[in-house]
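Below is one structure, written out as structure tokens; comments come after it.
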Amino acid sequence: MPTMNMIQALNDAHKVAMRADPDVVVFGEDAGYFGGVFRVTEGLQKEFGKTRAFDAPISEGGIVAAAVGMAAYGLKPLIEIQFADYIYPGYDQIVSEVAKMRYRTGGEWTMPMVIRTPYGGGIFGGQTHSQSPESLFTHIAGLKVVVPSTPYDAKGLLLAAIEDPDPVIFFEPKRIYNGPFDGHHDRPVTPWAKHPASDVPEGHYTVPLGKGAIVREGAELTVLTYGTMVHVSLAAVEEQGIDAEVIDLRTLVPLDMQTIAKSVEKTGRCLVVMEAPRTSGFASELVTLVQERCFYHLEAPVERVTGWDTPYPHAYEWAYFPGPKRMKRALEKVMAD
Amino acid sequence: MPTMNMIQALNDAHKVAMRADPDVVVFGEDAGYFGGVFRVTEGLQKEFGKTRAFDAPISEGGIVAAAVGMAAYGLKPLIEIQFADYIYPGYDQIVSEVAKMRYRTGGEWTMPMVIRTPYGGGIFGGQTHSQSPESLFTHIAGLKVVVPSTPYDAKGLLLAAIEDPDPVIFFEPKRIYNGPFDGHHDRPVTPWAKHPASDVPEGHYTVPLGKGAIVREGAELTVLTYGTMVHVSLAAVEEQGIDAEVIDLRTLVPLDMQTIAKSVEKTGRCLVVMEAPRTSGFASELVTLVQERCFYHLEAPVERVTGWDTPYPHAYEWAYFPGPKRMKRALEKVMAD
Amino acid sequence: MSDRDPSLRRNAPKLALHVPEPAFRPGDTPDFSSLKIPAAGAAPRPDISAPAPETHPLTTSLVRVLGEDDRATGPWDPKLDADTLRKILRDMVTVRIFDDRMYRAQRQGKTSFYMKCTGEEAIATAAAAAMPADDMHFPTYRQQGLLVARGYPLTEMMNQIYSNRGDKLRGRQLPIMYSDKRHGFFSISGNLGTQFPQAVGWAMASAIKGDSRIAMGWIGDGATAEGDFHSAMTFAAVYNVPVILATVNNQWAISSFSGIAGGERATFAQRAVGYGIAGLRVDGNDALAVYAAVKWASDRARTNSGPTLIEFFTYRAEGHSTSDDPSGYRPTNEAKLWPLGDPVERLKAHLIALGEWDEDRHSAMTAECDSAVRAAQKESEKLGILPEQGKDDIGSMFDDVYAEVPWHLAEQREQALSEGGE
Amino acid sequence: MSDRDPSLRRNAPKLALHVPEPAFRPGDTPDFSSLKIPAAGAAPRPDISAPAPETHPLTTSLVRVLGEDDRATGPWDPKLDADTLRKILRDMVTVRIFDDRMYRAQRQGKTSFYMKCTGEEAIATAAAAAMPADDMHFPTYRQQGLLVARGYPLTEMMNQIYSNRGDKLRGRQLPIMYSDKRHGFFSISGNLGTQFPQAVGWAMASAIKGDSRIAMGWIGDGATAEGDFHSAMTFAAVYNVPVILATVNNQWAISSFSGIAGGERATFAQRAVGYGIAGLRVDGNDALAVYAAVKWASDRARTNSGPTLIEFFTYRAEGHSTSDDPSGYRPTNEAKLWPLGDPVERLKAHLIALGEWDEDRHSAMTAECDSAVRAAQKESEKLGILPEQGKDDIGSMFDDVYAEVPWHLAEQREQALSEGGE
Ligand SMILES: Cc1ncc(C[n+]2csc(CCOP(=O)(O)OP(=O)(O)O)c2C)c(N)n1
Ligand SMILES: Cc1ncc(C[n+]2csc(CCOP(=O)(O)OP(=O)(O)O)c2C)c(N)n1
Ligand SMILES: [Mg+2]
Ligand SMILES: [Mg+2]
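Line by line, the protein sequences are chains A, B, C and D. Heads up: the first sequence is residues 378 to 714, going by this note's numbering. Heads up: the second sequence is residues 378 to 714, going by this note's numbering. Heads up: the third sequence is residues 164 to 585, going by this note's numbering. Heads up: the fourth sequence is residues 164 to 585, going by this note's numbering.
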């Protein structure tokens, strides 16, 4: 099985999908000839030609709108928004059009499309290359929201997303494109090659949407997380020696509530972990669901580890990023309460 | 004291502010000559002239961007987005610019402005005239989010918002512009005149941002709500004969957590009520905060009453709107648990 | 006010903000004598494959075919046969009657909302006539004429307006937000402008696939100010997209006149110049000019010669919608005094001048259309009117959010059903 | 693919999508001989209060002052004195040296990111020279020349780049996202295009107040595709706003050439036509032409004669940023072969031709600038470089989100402080 980092796995997913389905078209800023600033779409224009993989004007609204028209025609647009921080000019088209089309037309027009976008911090990208805006999409009925955390999942989830009949916003944790990250920014970077999930099968396979993965079994505590924070969480529970069950949600909407509830009922404690700002973040939805459904099993309040309610400050990268210290404190709290 | 409905109270707030401060300028689609589709800005152009109250092109992004430039100059823009459903084309300017300006410039440039917009359902406005998108703004650090529920508060909060040094998104519950609404859509509409909060003082006064109001004292249950749902909640607890404490949050960010915590610690039960869709709505943040801070006082899971996770369906207005039946069921549940 | 170094003050004149104001306000007597209206037949007709700049002089004039003498004249005369003309006339009359009946239905409390296109009927109906039925339209709420012309059943339209049992949109959309794929009519959005770049995307897809179908996007003068207008123009120009982009300049956007959208300094058709695409400005009340312009642009698009921006110059003769009363912001007689006339009357007069029509036939046809609309209304009302809706099939509210109902919506459906609606 | 009625298929040609491609790709030898470059002095200069259409021929030509003979010529010659010319030259040289030093500092790991404006130095520096210091600029990340020209201390710029103790933006912004109110330089946004309509808003405010200060907004060729470009143009036109809207067309947007932004079919200056405002296309590597055009537009704005869109035609001689390697998408020698030359060399040659400069003085001046930049760097590095930052004053992270720190941020600050940074 080839070893791939997340970029290679995503690139491979594109190729598999485009070979199988001539209706899949790829475009985005710098996504054509050059293959994207993160090189996820590298080689597509060469293999599939200029009309199936091309550069788009710098207009996120236009990119999404064009995808709407293409989906209405019957194509499957697979588009890239260069950074999640730049998705807002496309927010109206996503919220008012993409998300509501099937509903408002009684199923007459559907919007099978995937909007990929790199998100998250840990790369000294400052306020406009570090954001985690996924929560803003989980509030919008009609969208599915997916966040992979390994090369294996990235390819399998992306293929599932492309084949899904509904629009999927696909957030790629850019900090772990090239290797997992345990939050210890002062330690050397591990490449994906050392991680089992870098064994990525050739050809077609999918990781189903709507299913979380128990990436670590445990009895004392349930940790709910996704993206980069999966790795930070795993490292933190190991370091703290807590027998935690760590669930990589993988899909935020629709959520794998069954797996979550089963785990929390077993452990009686729950910690939710995300990079995004705290207030009204998806972590709050997770806390709410857990307390609604597992209240009488809970031995302590559900804790949150999150980014702060501030813009992402360039120089304070590691004071903002929810790293080992924030994890430690929260783990201590949720276990002590 | 004059009796005013909410539109009159808001209109009066504009006049008071514009008379006191020549730097307050008002614009929006149809907001100039005609005075706005809901007539909130009626008479302003006549009194203050065309350069202080004027029509804007149909470009919510341009309206917000122009306000950013004006605030940078030193004016205080008080702008109208015709319906909250149409705020998304301005979302990028609000999220990326308005919210982050003070922060990214170390306080050099500030964005004192108010973005007013009518929100909410109950008027058969269909998917694009009924939305409650406030939660999407509570997630954005740097914004304050205000929702009045009476004419008195509308005027006082709007004046406070205009005077506030930070940008305020001011959501106006359009269903109750002309009279409070208890959720019983089949009963005759009551005008504001019959409500004590329609006594609106002339001239200047403010209702402070960040402070909720206990609109009903009670011992058994705390209800947290805002906007139209304040009235629906009050009616519901009366109908169910529950000795509930109802808190009108008035400001969502920054939240009056002290008043909330004190109440929940007293009552031991909590219900949060909003019109917006359920998943990742502000209600989830409220549930989360309450369970984080009052966990050991809680006798039952915090319940949510919300809109559904669907677009707002025209004909199913009253099956979508969180009315008396949804309230009843939730009240029963939170009291029984 | 921001700090300012007084030493830098200059003797420059004081700056002033210009806020556009329409020529006439309530109480004024409109006088359009200064409005320059080029004569019918005067505009040249470039070849459909002409370089875009050749069309640019046409962005500041007006393509007109029907003259004062009710005759068709000049190079844009599409030379339509009388049957086609009668078909367009009939469609226009049907639309007008339909609008009147539905407006009244709203006033009678049978639905929540309605929007007429009075005075603008020629635009959608003649455009429909000029294009094959499988080309795709991305309309606004004032192109009901497309559906009528393409033979979409009036009952279906009314079912949507009443959100009744027959409404294929399942009661979810505001009245008049039609959608019908089979009739090449994309779902109308409540969010202005969104459909304009979507039309471009559809046409890009058609081009990617080597198809021969083109798309036509529609937008109002007011909505051209949205960023989506620019997206549409940019993408259309960059990829040389087979699309027609139509701006219906009816001079009003609710209470704002077209000057608030930029109409004081340039025509809306002129926007084409800056993107290097073809542009035409057309008398929107002249069905023949509309037909000819759309045919030209459609032939151009279909031969990979590029997109066209068309401005249809017209006048919104009635209120914006049932929620609007225009007497608050413009003279009530402005519509009547506006010089480009009534599109129905103009086409009727042309047919009469041709000897292909007369008052009797017109009355008979009008009566037929009226009966058809009434019959459709009766039929539709059997399936219910709005005030009766939203009580049964509450569960359907949770369908179509996704292809399959996920667990959280299944739970919410349970709960909604247990509430039993209201 | 969507359903389609086969009976409607036509014999029309297959549609095709055009995807623009730059003339040259890696491996090609650029040949610009077909590029039409109007002679210096050829463009007419309309009166500053001329109706906008009079300027429109200038949107497809090129305002140039410096000729092949290094002499200034034609009606746009601003007739600047030698001191002013030397000041602009010095500013350009300073910017270039500054860029080189900071690029190197990034490569040395002293900061996270840097962006040069190599080849485009004339634009910001000459624009600054043409406007009073209290006019307000809304720049992008390639107008560092404005700050240099207006005398903003180089150390301050570097402090921002290093996010160090002296950084007035308190370590919060990506390097080069300067902001300085006192120097009329609005906060640079990482979000492309946002500043363009903000400039219009600022100028609207100035007009509302009867002030005499105008604003100048800046945008790249690629970013003109954003909806914000259209907002800016629309608002500027509607309210006749005293603003200069400048598009720096350096022909590249990271790896995309200007054709992907619409540059194949029209110039960026031509966008002015569709909004009915003045437009100029200017040789951006000719400091005198830049000066003259900005002066013209600024006089026009200041006399309430309306906004101007200026396209500065130039070439991005280096990579997009420190994260970019252009050899992946364009020939490496393209910059050198591009015919409009180097703005520093051209102005230098002009001064020499005037007898106001020579190689020795130039070397001496360059050495001075170099020392100044080095001295500033030394000074700034005393206050720290990026890798050392973000450890003390963690509490400051919670300031300035709001005017006052609300309770939830106070709590978060407590928590962050207890974490002690990383
Ligand atoms: C994004 C958005 N903003 C505002 C509105 C409210 N609105 C509905 S119609 C309208 C006027 C549109 O005018 P125009 O585009 O000229 O079309 P017309 O009604 O004249 O056909 C406005 C402002 C909306 N529907 N969508
Ligand atoms: C809204 C937004 N989308 C995308 C980006 C990513 N991005 C940064 S610079 C750039 C290219 C800009 O090109 P251009 O406008 O021509 O300016 P130049 O770099 O040539 O000066 C892109 C795509 C961004 N910063 N903001
Ligand atoms: Mg209109
Ligand atoms: Mg560029």
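All C-beta atoms in this analysis are idealised placements derived from N, C-alpha and C, irrespective of residue type, glycine included.
Along chain E, which residues have their Cβ under 7 Å away from the Cβ of isoleucine 417 of chain C?
Among the protein chains in the structure shown, which are A, B, C and D, there is no chain E.
Give me the residue from B:Phe547, B:Met651 and B:Ala574 with the minimum Cα distance to glycine 556 of chain B.
B:Ala574
Alanine 390 of chain A to glycine 533 of chain A, Cα distance in whole Å?
7 Å
Does the beta-carbon of alanine 480 of chain D, which I'm using as the reference point, lie nearer than 7 Å to any heavy atom of ligand 5?
As for ligand 5, it is missing from this structure, which binds only ligand 1, ligand 2, ligand 3 and ligand 4.
Between glycine 385 of chain D and ligand 4, is the CB less than 7 Å from at least one heavy atom?
Between ligand 4 and the CB of glycine 385 of chain D, the shortest heavy atom gap is smaller than 7 Å.
At a threshold of 7 Å, does valine 414 of chain B count as lining ligand 2 (C-beta to nearest heavy atom)?
Outside the cutoff, so no.
Under DSSP, the alpha helix (DSSP H) around tyrosine 529 of chain A begins and ends at which residues?
528-540
What does the Cβ neighbour count give for aspartate 244 of chain D, buried or exposed, with the cut at 16 atoms within 10 Å?
exposed
Cβ of tyrosine 492 of chain D less than 8 Å from any chain B Cβ?
no
Would you call proline 169 of chain D buried or exposed, if buried means 16 or more other Cβ atoms sit within 10 Å of its Cβ?
Any reading at proline 169 of chain D must be qualified, since the residue scores a pLDDT of 48, below 50, and its modelled position is unreliable; the value itself is stated next. Looking at its Cβ environment, which holds fewer than 16 other Cβ atoms inside 10 Å, proline 169 of chain D is exposed.
Within the stretch 461-504 of chain D, note down every full beta strand (DSSP E) run reaching 3 residues or more, in order along the chain.
471-476
Show which residues of chain B have a CB atom less than 7 Å away from the CB atom of glycine 373 of chain A.
As displayed, chain A neither begins before 378 nor continues past 714, which places residue 373 of chain A out of reach and without an answer.
Which parts of the stretch 448-520 of chain A are runs of the beta strand (DSSP E), unbroken and 3 residues or longer, counting only runs that do not cross its ends?
Qualifying beta strand (DSSP E) stretches, in chain order: 453-457 and 491-496.
Identify every run of the beta strand (DSSP E) within the stretch 651-697 of chain B, keeping only runs that are complete inside it and at least 3 residues long; order them along the chain.
680-684
With distances taken from CA atoms, which of B:Glu474, B:Thr494 and B:Thr482 is nearest glutamate 406 of chain B?
For glutamate 406 of chain B, the closest alpha carbon among the candidates B:Glu474, B:Thr494 and B:Thr482 is that of B:Thr494.
Under a CB-based cut-off of 8 Å, is alanine 424 of chain C close to chain B?
yes
On the DSSP letters alone, give me the boundaries of the alpha helix (DSSP H) that threonine 644 of chain A sits inside.
634-644
Does DSSP classify methionine 404 of chain C as helix, strand or coil?
According to the sequence displayed, residue 404 of chain C carries valine and not methionine. Note: valine 404 of chain C maps to coil in three-state DSSP.
Report back the beta-carbon spacing between glycine 590 of chain C and proline 189 of chain C to the nearest angstrom; my notes put them in contact at under 8 Å.
Any property of residue 590 of chain C remains undetermined from this structure, which presents chain C solely from 164 to 585.
Using C-beta distances below 7 Å, list every residue in its chain close to arginine 416 of chain A, excluding the 5 sequence neighbours before and after it, in chain order.
Ile384
Taking 8 Å as the cut-off, decide whether the C-beta atoms of glycine 499 of chain A and histidine 581 of chain A are in contact.
no
Going along the chain, which residues of its own chain have a beta-carbon closer than 8 Å to the beta-carbon of threonine 636 of chain B, five neighbours each way excluded?
Cβ within range, chain order: Lys588, Gly589, Ile591 and Ile624.
Whole angstroms is fine: what's the gap from proline 699 of chain A's alpha carbon to glycine 420 of chain A's?
35 Å
What residues from chain C crowd round proline 542 of chain A, counting only those whose CB sits closer than 9 Å?
Tyr565, Ala566 and Glu567
Spell out whether any CB of chain D is found under 8 Å from the CB atom of asparagine 354 of chain C.
no
To which residues does DSSP link threonine 397 of chain D through a beta bridge?
Answer is none; threonine 397 of chain D lacks a bridge partner.
Can you find a CB in chain B that lies within less than 8 Å of the CB of phenylalanine 561 of chain C?
At a cut-off of 8 Å between C-beta atoms, phenylalanine 561 of chain C counts as an interface residue with respect to chain B.
For glutamine 307 of chain C, is the beta carbon positioned less than 7 Å from some heavy atom of ligand 1?
no
Does the Cβ of alanine 416 of chain D lie closer than 7 Å to at least one heavy atom of ligand 4?
yes
Quick check: the Cα distance between alanine 215 of chain D and glycine 422 of chain C, rounded to an integer number of angstroms?
16 Å
Spatial neighbours of glycine 503 of chain A within its chain, please: CB distance less than 6 Å, with the 5 preceding and 5 following residues excluded, ordered by chain position.
His691
I need the boundaries of the beta strand (DSSP E) containing methionine 299 of chain D, first residue and last residue.
Methionine 299 of chain D: member of the beta strand (DSSP E) spanning 299-301, first to last residue.
Could you check if tyrosine 463 of chain A belongs to the surroundings of ligand 2, using beta carbon to heavy atom distance under 7 Å?
yes
Is DSSP giving phenylalanine 415 of chain A helix, strand or coil here?
coil
If you measure from the CB of asparagine 413 of chain C, is any heavy atom of ligand 3 nearer than 7 Å?
At least one heavy atom of ligand 3 lies less than 7 Å from the C-beta of asparagine 413 of chain C.
Identify, in the order they occur along the chain, each residue of the same chain with its Cβ nearer than 8 Å to the Cβ of lysine 344 of chain C, setting aside the five sequence neighbours on each side.
Within the same chain, lysine 344 of chain C has no close Cβ partners at all.
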